[in-house]
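Chemist: Please see the structure below; I have some questions.
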Amino acid sequence: MPDFLITLYPWIKAFHVMSVISWMAGLFYLPRLFVYHTEQSTPGDSRDEVFQVMEMKLLRVIMNPAMVATWLFGIILVLTPGVVDWSAVWPYTKIVGIFVMTWFHHWLGLRRKEFASGQNTRTGRQHRMMNEVPTLAMVVIVLSVVVRF
0 MPDFLITLYP WIKAFHVMSV ISWMAGLFYL PRLFVYHTEQ STPGDSRDEV FQVMEMKLLR
60 VIMNPAMVAT WLFGIILVLT PGVVDWSAVW PYTKIVGIFV MTWFHHWLGL RRKEFASGQN
120 TRTGRQHRMM NEVPTLAMVV IVLSVVVRF
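Each residue of the sequence shown is one higher than the one before, counting from 0 in numbering that gives the first Met the number 0.
Shown next, in the form of structure tokens:
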């Protein structure tokens with residue numbers, strides 16, 4: 000099987016990168032929707048309903064499948080012989096960044112449920128600040144993989 004993975008490596012890597020881009024787009028956009036939702040609607044009004052549909056579809060139709068695909072292709076890459084040097088530091092810093100992104104994804108899912116139940120207590124400013132989390136995780140991941148320290 001490992002020889003088979005070596006042959007497919009460019010394809011797996013390409014699908015992994017596409018999945019990451021899709022996931023990151025959602026991780027950047029959903030908190031922005033939360034900002035607008037907080038600042039431009041009140042629970043039960045027509046804009047609240049529109050924001051809730053947008054948030055739910057973004058999370059369920061784009062972000063969840065992209066996260067699963069990112070993890071799936073990433074694990075396949077890890078299993079491909081010669082891709083990861085476990086004696087280096089970079090795989091471990093990348094793993095930390097991945098877990099931060101995954102935690103943030105689930106945190107956003109909980110925030111969406113708060114909006115859906117009319118129980119959001121966070122301000123637009125707080126959502127703006129949380130929007131920096133995926134950026135920080137991305138910096139750690141990209142530097143880990145590209146610089147390979």
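From the three backbone atoms N, C-alpha and C, an ideal C-beta is built for every residue, glycine too.
Return the CA-CA distance between residue 10 and residue 80, expressed in angstroms with no decimal places.
Modeler: Looking at the two C-alpha atoms, the distance is approximately 15 Å.
Chemist: Leaving out five residues on either side along the sequence, give the residues of the same chain with a beta carbon under 7 Å from the beta carbon of residue 139.
Modeler: 92, 95 and 96.
Chemist: Considering only the alpha carbon of each residue, which of 70, 30, 2 and 77 lies closest to residue 57?
Modeler: For residue 57, the nearest C-alpha among the options comes from 30.
Chemist: Report all residues from its chain with a CB closer than 7 Å to the CB of residue 78; omit the five preceding and five following residues, and keep chain order.
Modeler: The answer, listed in chain order, is 4.
Chemist: Got a sec? Which residues, its chain only, sit under 8 Å from residue 84 by beta carbon, not counting five neighbours each side?
Modeler: Closer than 8 Å at the Cβ level, and outside the excluded window around residue 84, lie 90 and 147.
Chemist: Assuming residue 37 contacts residue 119 under a Cβ cut-off of 8 Å, what Cβ separation, rounded to an integer in Å, is found between them?
Modeler: That belief holds up - the Cβ atoms of residue 37 and residue 119 are roughly 6 Å apart, short of 8 Å.
Chemist: Does the stretch 104–116 come close enough to the stretch 45–61 to have 3 or more Cβ pairs within less than 8 Å?
Modeler: Yes, the stretch 104–116 touches the stretch 45–61.
Chemist: Could you check how far apart the C-beta atoms of residue 136 and residue 99 are, in whole angstroms? I think they sit under 8 Å.
Modeler: Confirmed, about 4 Å.
Chemist: Between the Cα of residue 13 and those of 116, 115 and 75, spot the shortest distance and give me the residue it belongs to.
Modeler: Closest by alpha carbon: 75.
Chemist: Residue 145 to residue 59, Cα distance in whole Å?
Modeler: Whole-angstrom Cα-Cα distance: 30 Å.
Chemist: My output table needs one value for residue 148: the three-state DSSP class, helix, strand or coil.
Modeler: Coil.
Chemist: Please classify residue 214: does DSSP put it in a helix, a strand, or coil?
Modeler: The question about residue 214 has no answer, for the chain in this structure spans 0 to 148.
Chemist: Whose C-beta lies closer than 6 Å to the C-beta of residue 65 among residues of the same chain, with five residues either side of it excluded?
Modeler: So the qualifying residues of the chain are 18, 21 and 22.
Chemist: Hey, how far is the Cα of residue 25 from the Cα of residue 32?
Modeler: For residue 25 and residue 32, the distance between alpha carbons rounds to 10 Å.
Chemist: Classify residue 118 as helix, strand or coil using the three-state DSSP reduction.
Modeler: Looking at residue 118 - three-state DSSP - the assignment turns out to be coil, as it is neither helix nor strand.
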